[in-house]
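Q:
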Ligand SMILES: Cc1ncc(C[n+]2csc(CCOP(=O)(O)OP(=O)(O)O)c2C)c(N)n1
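Chains as they are written, first to last, in our numbering: chain A, 1 to 276; chain B, 277 to 653.
1) Hey, residue 340 of chain B and residue 75 of chain A are a contact pair by Cβ (cut 8 Å); roughly how many whole angstroms apart?
2) Quick check: is the beta carbon of residue 331 of chain B nearer than 8 Å to any beta carbon in chain A?
3) Find the nearest neighbour of residue 580 of chain B within the set B/559, B/278, B/335, B/548, judged by alpha-carbon distance.
4) With 8 Å set as the bound, which would you pick, yes or no: does the beta-carbon of residue 492 of chain B sit closer than that to a beta-carbon of chain A?
5) Between residue 249 of chain A and ligand 1, is the CB less than 7 Å from at least one heavy atom?
6) Residue 484 of chain B to residue 512 of chain B, Cα distance in whole Å?
7) Which stretch, first to last residue, makes up the alpha helix (DSSP H) that contains residue 476 of chain B?
8) Using beta carbons (cut-off 8 Å, strictly below), is residue 2 of chain A in contact with chain B?
9) Can you name the start and end residues of the alpha helix (DSSP H) that residue 592 of chain B belongs to?
10) For residue 209 of chain A and residue 122 of chain A, what's the separation of their Cα atoms in angstroms?
11) Who are the neighbours of residue 42 of chain A on chain B, taking C-beta pairs under 7 Å?
12) Please report the straight-line C-alpha distance between residue 68 of chain A and residue 504 of chain B, rounded to a whole angstrom.
13) Return helix, strand or coil for residue 468 of chain B, following the three-state DSSP convention.
14) Scan the region 495-526 of chain B for residues whose Cβ lies nearer than 8 Å to a Cβ of chain A and list them as they occur along the chain.
15) Are the C-beta atoms of residue 365 of chain B and some chain A residue less than 8 Å apart?
16) Under 8 Å between C-beta atoms, does residue 36 of chain A make it to chain B?
17) Check the C-beta distance from residue 451 of chain B over to residue 322 of chain B and give it rounded, since I have them as a contact under 8 Å.
18) Which partner residues of residue 438 of chain B appear in the DSSP bridge assignment?
19) Quick one: list the residues of chain A neighbouring residue 435 of chain B, beta-carbon separation under 7 Å, in chain order.
20) Can you check the region 173-209 of chain A for any alpha helix (DSSP H) of at least 4 residues that lies completely inside it and give the ranges in chain order?
21) What is the residue span of the alpha helix (DSSP H) that residue 367 of chain B lies within?
22) For residue 401 of chain B, which of B/390, B/330, B/416 has the nearest alpha-carbon?
23) Answer yes or no: does any C-beta atom of chain A fall closer than 8 Å to that of residue 277 of chain B?
24) Please tell me whether, using a cut-off of 7 Å, the distance from the CB of residue 128 of chain A to the nearest non-hydrogen atom of ligand 1 is below it.
25) When you compare only the Cα positions, how much space is there between residue 10 of chain A and residue 26 of chain A?
26) Drop a sphere of 10 angstroms on the beta-carbon of residue 169 of chain A, count the other beta-carbons inside from all chains shown, and report buried for 16 or more, exposed for fewer.
27) Of all the options B/418, B/422, B/467, which has the alpha carbon lying nearest to the alpha carbon of residue 444 of chain B?
28) Does DSSP put residue 276 of chain A in a helix, in a strand, or in coil?
29) Between B/343, B/535, B/586, B/397, which lies nearest to residue 488 of chain B when the distance is taken from Cα to Cα?
30) Beta-carbon of residue 7 of chain A versus every beta-carbon of chain B: anything under 8 Å?
31) Please go through the region 498-585 of chain B and give each complete alpha helix (DSSP H) segment of 4 or more residues, from N-terminal end onward.
32) Taking the runs of the beta strand (DSSP E) that are 3 residues or longer, which of them lie wholly in the region 297-321 of chain B?
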């Protein structure tokens, strides 16, 4: 039976703002299927975002939704989660939102291991503002603010998240919709901070300038330029050259922040000073 | 007032009062001279099932406070000048989305790192105009440790009832000074909670003003599934750029304040027979004023005194009335002339307005103020 997206889309809120060929909608659908797969209760789920094209997603979906300030979604989400650890909290962010202006919050959320699932809509460009380079734009690529090629180097979301201590880290692409959905569902089920690097496309501001073809062609590029983590282990180095690894890179059991804080409450609650 | 006597510094009084007001969430980032608020709450909040978190910076602390408030928890952050600057964007978010929260700024010298351990009152204009765009502003400026307690409770009350962020402006002097205060018994001070929806989720419109200018607010997680955005939105909460929907909502945000002055405004208004001189001052500077004023009176110079406890909105009517009664208004403040601009505006040329200003990290002394009184009397 076809998946019933209408269950999760707010009536009357479509069409979305995304351009033709943009893959943000594909990632949104994967998130909705993952939420369904994970069996979340709509009333008890909060979807938080910052600012950007990706961050418009919460407006379309039928949960408690919070569209905040650029880069700060994880801060808001941390307050939500601590205030009621029983809520399921997802954060959606563009690569600029998550890694540039929100980079500090990103690493600290990883370190804290708070039970939040972050999906990075990684289109390697600032879509909303018209195609300036982001911390995920590869070296040498053209953007509206790198007219001579990008002199910067890109962050690798997976390496960054692992280095900072995230306990679930994975990567997939908007081409590989099934693994993407599975990873997001696994991230939601994981007790701790989960980062899913969802590679996607911005044909309008990135593809066109760099002559990468249509949205569909950009998706096919993912097919040819990625290899699964497991498959890659048996490949000689020359076959891995220039390929992006996908899959689940880390899944580690480690005490979660709110649970740890809950233990503190349990320990000190009967002590002196309580007014309640 | 019935209660328990303690010997508290101002920052401890803020923290204790926050708990009294029902605060159950604090997020902050350490900064002198405000840090004791965080330290106190890191110890006390978990004892009553609340939560404390030290965030990676003031920006995320402000964000977390708003997030927790959306789940229905009364929330607080405390900081000083540099951190207050960093919080500004998200304070604007709370104004726009109408999420209650309290921000304490224990003012120190500036700009920039300034005088970390010295007092100032140089953030009073920032408390009014610090975040971008037209926005409502409520700021309270207590003068003593006891008043810090009552004003902290009132900051939460106003924030809840008005659904807007409220700033509590103290400074390094009263933040660190110890005084004997009475912690009121439960029930002695009134506690207000935000209006919550009485309609079922399917009928809920987050910014519905059909029942009044301040719409009821649902907690996240209770089944209302509403959308919160810092974009201009219509009464359903979803973004709009239709001029005919944006303008009334922008005006309503300000009208929440201007139509509720009766319970927001608070000031001390001392009028003396035959006074030709008036004085307007607030916070810790008002303490120096008081001793200068009694000194002046004993020298035969009666001076009227207006002490705004609610700084924003500014008590315009009281200031205008003073300008109608006296020839000169003196405005002592620990900055190079900020609130004096409001006083001048209210005086509208009907009284001369002069300042007593200091920005060197030392308090304004009664002697300085007395000298100015003698000069103008
Ligand atoms: C404080 C602040 N700085 C800058 C902006 C402008 N701005 C809006 S979205 C954006 C970048 C969006 O790029 P990304 O996060 O990668 O998301 P995308 O639009 O590509 O989905 C910027 C710089 C802003 N809204 N707020």
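Even for Gly, the Cβ is constructed at its ideal location relative to N, Cα and C.
A: According to the structure data:
1) At roughly 5 Å, the Cβ-Cβ gap stays under 8 Å, so residue 340 of chain B and residue 75 of chain A are in contact.
2) Yes, residue 331 of chain B counts as interfacial toward chain A.
3) The residue with the shortest Cα to Cα distance from residue 580 of chain B is B/548.
4) Under the Cβ criterion of 8 Å, residue 492 of chain B is not counted among the residues facing chain A.
5) Incorrect: residue 249 of chain A has no Cβ contact closer than 7 Å to ligand 1.
6) Cα atoms of residue 484 of chain B and residue 512 of chain B: separation of roughly 7 Å, rounded to the nearest angstrom.
7) Per DSSP, residue 476 of chain B belongs to no alpha helix (DSSP H) and is neither H nor E.
8) Residue 2 of chain A does not count as touching chain B.
9) Residue 592 of chain B -> alpha helix (DSSP H) spans 592-601.
10) Each residue's alpha carbon lies about 17 Å from the other.
11) For residue 42 of chain A, the chain B residues whose Cβ falls inside 7 Å of its Cβ are 501, in order along the chain.
12) Rounded to whole angstroms, the separation of the alpha carbons of residue 504 of chain B and residue 68 of chain A is 8 Å.
13) For residue 468 of chain B, the secondary structure class from DSSP, reduced to helix, strand or coil, is coil.
14) Listed in sequence order: 496, 497, 498, 499, 500, 501, 502, 503, 504, 505, 506, 507, 514, 515.
15) Residue 365 of chain B belongs to the set of residues whose beta carbon lies under 8 Å from a beta carbon in chain A.
16) For residue 36 of chain A, the answer is no, since every Cβ of chain B falls outside 8 Å of its Cβ.
17) Going by Cβ atoms, the distance from residue 451 of chain B to residue 322 of chain B rounds to 24 Å, so no, they are not a contact pair.
18) Its beta-bridge partners do not exist; DSSP assigns none.
19) By Cβ distance, chain A contributes nothing, its closest Cβ being about 15 Å from residue 435 of chain B, past 7 Å.
20) Taking 4 residues as the minimum length, the alpha helix (DSSP H) runs contained wholly in the region 173-209 of chain A are 177-189, in order along the chain.
21) Judged by DSSP secondary structure, residue 367 of chain B falls within the alpha helix (DSSP H) whose first and last residues are 357-373.
22) It is B/416.
23) For residue 277 of chain B, the closest Cβ of chain A is not nearer than 8 Å.
24) Correct: residue 128 of chain A has its Cβ closer than 7 Å to ligand 1.
25) So the two alpha carbons sit approximately 17 Å from each other.
26) With 16 or more neighbouring CB atoms inside 10 Å of its own CB, residue 169 of chain A falls in the buried class.
27) Taking only the C-alpha atoms, the option nearest residue 444 of chain B is B/418.
28) Any reading at residue 276 of chain A must be qualified, since the residue scores a pLDDT of 45, below 50, and its modelled position is unreliable; no value is offered.
29) The alpha carbon of residue 488 of chain B has as its nearest neighbour, out of B/343, B/535, B/586, B/397, the alpha carbon of B/535.
30) So, not an interface residue.
31) Runs of the alpha helix (DSSP H) inside the region 498-585 of chain B: 519-534, 537-540, 561-574.
32) Under the rule that a run must span 3 or more residues, the beta strand (DSSP E) segments found entirely inside the region 297-321 of chain B read 299-304.
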